[in-house]
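Notes for the one structure printed next.
Residue numbers (our numbering): 142 to 233.
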């Protein structure tokens, strides 16, 4: 609370506030604010794009793993079926 009162009573801060009423300064501030917002939006867009790309890659890797798993399971089942058929033929 003491810091707030210091700033309120300190002429250094009040003169800056009065000088900021200059239209040129206001226009420059607006331009700077717009540039900053554009930079922020670009950064956010890049981050979002990278996040989406990572998510797509992870989904693709997951799909490939699942496909490999099904291929291996199919091979094992085919091998088991072949083994049963051979044993059945030997027992006859």
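Note that the Cβ used here is the ideal one computed from N, Cα and C, for glycine as well.
Distance, residue j Cα to residue i Cα
{"i": "residue 223", "j": "residue 217", "result": "10 Å"}
{"i": "residue 225", "j": "residue 190", "result": "52 Å"}
{"i": "residue 212", "j": "residue 228", "result": "24 Å"}
{"i": "residue 165", "j": "residue 175", "result": "15 Å"}
{"i": "residue 183", "j": "residue 168", "result": "23 Å"}
{"i": "residue 206", "j": "residue 187", "result": "29 Å"}
{"i": "residue 208", "j": "residue 214", "result": "10 Å"}
{"i": "residue 196", "j": "residue 178", "result": "27 Å"}
{"i": "residue 173", "j": "residue 185", "result": "18 Å"}
{"i": "residue 193", "j": "residue 170", "result": "34 Å"}
{"i": "residue 203", "j": "residue 219", "result": "24 Å"}
{"i": "residue 201", "j": "residue 210", "result": "14 Å"}
{"i": "residue 221", "j": "residue 232", "result": "16 Å"}
Buried versus exposed, by CB contacts within 10 Å (16 or more), residue i
{"i": "residue 199", "result": "exposed"}
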